[in-house]
Amino acid sequence: MIAFLRGAFFLLIVRPVLTVILGANVRQRELLPTKGPAIIVANHNSHLDTLTIMAMYRLRDLPRLRPVAAMDYFLRTKLTAWFATNIIGIVALARAGHEKGHHPMEPCLKALDRGDILILFPEGSRGEPETLSRFKRGVAHLVKARPQTPVYPLFMHGFGKALPKDSFVLVPFNCDVIAGEAIFWNDSTDAFMELLQVRMTELAAKIHVVPWD
Amino acid sequence: MKEVAAFFSTPVNFAIGAIYGVLILASVITWTLRRLSPGEATNELSQRVVSWWWMITVFTIAILTTRVVSTIFLAFVSFLALKEYFSLIPTRRVDRGVLLWAYLAIPVQFYFAHIGQFGLFMVFIPVWMFLFLPARITLGGHTEGFLRAVGTLSWGLMITVFALSHTALLLSFGVTHGHGAGPLLFLVALTQFNDVAQFTWGKLFGRHKIIPKVSPKKTWEGFLGGLVTTACVAAAVGPYLTPMPALWSAGAGAIIAIAGYLGDVTISACKRDLGVKDASNLIPGHGGILDRVDSLIYSAPVFFHFLNYFFGAWPAPPL
Numbered sequence: 001m002i003a004f005l006r007g008a009f010f011l012l013i014v015r016p017v018l019t020v021i022l023g024a025n026v027r028q029r030e031l032l033p034t035k036g037p038a039i040i041v042a043n044h045n046s047h048l049d050t051l052t053i054m055a056m057y058r059l060r061d062l063p064r065l066r067p068v069a070a071m072d073y074f075l076r077t078k079l080t081a082w083f084a085t086n087i088i089g090i091v092a093l094a095r096a097g098h099e100k101g102h103h104p105m106e107p108c109l110k111a112l113d114r115g116d117i118l119i120l121f122p123e124g125s126r127g128e129p130e131t132l133s134r135f136k137r138g139v140a141h142l143v144k145a146r147p148q149t150p151v152y153p154l155f156m157h158g159f160g161k162a163l164p165k166d167s168f169v170l171v172p173f174n175c176d177v178i179a180g181e182a183i184f185w186n187d188s189t190d191a192f193m194e195l196l197q198v199r200m201t202e203l204a205a206k207i208h209v210v211p212w213d
Numbered sequence: 214m215k216e217v218a219a220f221f222s223t224p225v226n227f228a229i230g231a232i233y234g235v236l237i238l239a240s241v242i243t244w245t246l247r248r249l250s251p252g253e254a255t256n257e258l259s260q261r262v263v264s265w266w267w268m269i270t271v272f273t274i275a276i277l278t279t280r281v282v283s284t285i286f287l288a289f290v291s292f293l294a295l296k297e298y299f300s301l302i303p304t305r306r307v308d309r310g311v312l313l314w315a316y317l318a319i320p321v322q323f324y325f326a327h328i329g330q331f332g333l334f335m336v337f338i339p340v341w342m343f344l345f346l347p348a349r350i351t352l353g354g355h356t357e358g359f360l361r362a363v364g365t366l367s368w369g370l371m372i373t374v375f376a377l378s379h380t381a382l383l384l385s386f387g388v389t390h391g392h393g394a395g396p397l398l399f400l401v402a403l404t405q406f407n408d409v410a411q412f413t414w415g416k417l418f419g420r421h422k423i424i425p426k427v428s429p430k431k432t433w434e435g436f437l438g439g440l441v442t443t444a445c446v447a448a449a450v451g452p453y454l455t456p457m458p459a460l461w462s463a464g465a466g467a468i469i470a471i472a473g474y475l476g477d478v479t480i481s482a483c484k485r486d487l488g489v490k491d492a493s494n495l496i497p498g499h500g501g502i503l504d505r506v507d508s509l510i511y512s513a514p515v516f517f518h519f520l521n522y523f524f525g526a527w528p529a530p531p532l
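Chains as they are written, first to last, in the working numbering: chain A, 1 to 213; chain B, 214 to 532.
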């Protein structure tokens, strides 16, 4: 039943909206991981980001895709909690200091060990939409714990103009998605974050970015 | 066999059959060229021809079904063009709501075209939206960049919605004047044909550039060659698809060629100012929707008013 609802949601709502109203132009789609364990790291502009990444996969791959999201934001009400857990299938992440005794990254590691594809937005939810802000280092700690996991950078543009995080009104804009080659753990947190940021900036440079005036 | 003959007995269906004939010929030629000299240039050429198959097929389905489907299709093309434009120009975040209003003008404008409301069609965007949108922007309360926001928005709405919606009005005109989708097909096919003809003549004989700063590839040889070819084809098909006799059709073909050229270079100037080569990557080998309809943006209103002024019944027959 849940699988059916989730399939219907993506097939009947997400995909038509993304193709007709936004028309996301996806480049180098073939670089994205086909199977887990793997991590997709994307910049965060909009709630559409997660949906877009998931909609690039076949319906039967949906259960393998696990967006990592802040527990306190998505589990606020019963309805959003149900939606986030069942339809989207998030890995709920307690922000630092929320739960004592538990390693905050444990659910992510479990998902990776199960062979899932994690979707991470290391900019967090606070960054200004459509401006690439400094990535948080959590992703590096995660990769350090599972150094064989490939990390796929993914740059997205336009979604923050179409539906910024603080808005509920969808305004059509052309959107761009560009996938990059996988990177791996490289000995230190700083070096890994540096590499990730460099790759992300390279991807961004390949897209004609039109920021807000 | 009888059914096939009956299908091609109407001018519109026959013309579409002929277009597919040209398309097959073009495919054979590009395939041969690709065999003779494989490379980037011929690759792009054959990609373009493949895209032509898609575009012509979608357009054919849109105009051969019902007029409602045709109008919705034309409105959708207009939507894609406006969206592409908004995605290219600098916009202010505070104007998101205003952009939504601009999008909402599309269904209204195409509805006026569909019901043949000539008066409302002609004033809705140039008067009502023109006055309303700046007022709405003012209510947003940000005066910094106001003039730029109003200017870019109004111009974009005029070219991508008002100008392009003349295609739908032409469809209403065709229906009320007993030619169905004929005039629309005449306009669209000749505008696109003229693009290809100008390109081909320019490639073969182009020497003297017209405005090298805007469009370095556009030459007088290409422009004039395209104009003469388009006028000749127009003279041959006009009497079947439109109320115009052969000589008038040739004149209409020449007007379409000139307007199409101006539309093409005007959108080129716009893209150049924005620092992009193509408006998007929607159509492989062609670029974006704006790159494909740029000539139509000028040829549609100009041809419609030419046809309506000289051959429109007055008062206009009811739909």
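C-beta: ideal position from N, C-alpha, C; glycine also.
If you draw a straight line from the Cα of ALA179/A to the Cα of GLY7/A, it comes to about 24 Å. Taking the Cα positions, VAL262/B is about 29 Å away from ALA219/B.
In this structure, the straight-line span from the alpha carbon of THR284/B to that of PRO347/B is close to 28 Å. Beta-bridge partners of PHE155/A (DSSP): ILE178/A. Residues of the stretch 352-367 of chain B whose Cβ lies closer than 7 Å to any Cβ of chain A, in chain order: GLY358.
LYS422/B carries a strand assignment under DSSP once its states are collapsed to helix, strand and coil.
For ARG305/B, the nearest CB of chain A lies under 9 Å from its own CB, placing it at the interface with that chain. Taking 9 Å as the cut-off, the beta carbon of LEU22/A is found no closer than this to the beta carbon of ALA111/A. Nearest to VAL241/B by C-alpha distance, out of GLY435/B, LEU258/B, ALA410/B and SER367/B, is LEU258/B.
In this structure, DSSP gives ILE90/A a state outside helix and strand, which the three-state scheme calls coil.
Close to chain B, meaning a Cβ-Cβ distance shorter than 9 Å, are the following residues of the stretch 163-175 of chain A: PRO164, SER167, VAL169, LEU170, VAL171, PRO172, PHE173, ASN174 and CYS175. Distance from the Cα of LEU236/B is smallest, within the candidate group GLY464/B, MET268/B and ILE319/B, for MET268/B. For VAL210/A, the nearest beta carbon of chain B is closer than 9 Å to its own beta carbon.
Going by C-alpha positions, ASP408/B is about 26 Å away from THR365/B. Three or more beta-carbon pairs separated by less than 8 Å are not found between the stretch 347-356 of chain B and the stretch 387-407 of chain B, which leaves the two stretches without contact. A direct Cα-Cα distance of roughly 29 Å separates SER264/B from THR34/A. GLY115/A has a beta carbon lying at 9 Å or more from every beta carbon in chain B.
The C-beta distance from PHE159/A to LEU48/A rounds to 4 Å, short enough to meet the 8 Å contact threshold.
Sixteen is the threshold: since fewer than 16 other Cβ atoms of the shown chains lie within 10 Å of the Cβ of HIS103/A, the residue is exposed. Interface flag for LYS161/A against chain B is set, since a Cβ pair is found closer than 9 Å.
Interface flag for ASP49/A against chain B is unset, since no Cβ pair is found closer than 9 Å. From the beta-carbon of GLU297/B, the residues of chain A found nearer than 7 Å are ASN174. For the pair PHE436/B and GLY415/B, the Cα-to-Cα distance works out to about 7 Å. Any Cβ of chain B closer than 9 Å to the Cβ of GLY158/A would place that residue at the interface, and such an atom is present. Look at ASN25/A here: in three-state DSSP terms it is strand. Closer than 8 Å at the C-beta level to chain A, one finds these residues of the stretch 306-323 of chain B: ARG306, ARG309, GLY310, LEU312, LEU313 and TYR316. Under the 9 Å criterion on CB atoms, PHE524/B is classed as non-interfacial with respect to chain A. At least one CB atom of chain A sits nearer than 9 Å to the CB of LEU301/B. Cβ contact annotation for TYR57/A (same chain, cutoff 7 Å, sequence separation greater than five): LEU65, in chain order. By the Cβ-count criterion, ARG505/B is buried, with 16 or more other Cβ atoms from all chains shown falling within 10 Å of its own Cβ. Pairing ASN43/A with LYS296/B, the inter-Cα distance amounts to about 23 Å.
In this chain, PRO531/B is not harboured by any beta strand (DSSP E), its DSSP state being neither H nor E.
In this structure, LEU400/B and PHE516/B form a Cβ contact; the two beta carbons are roughly 5 Å apart against a cut-off of 8 Å. GLY36/A has a beta carbon lying at 9 Å or more from every beta carbon in chain B.
The alpha-carbon of LEU59/A is positioned some 11 Å away from that of ARG15/A.
Among the CB atoms of chain B, none fall inside 9 Å of the CB of ASN45/A.
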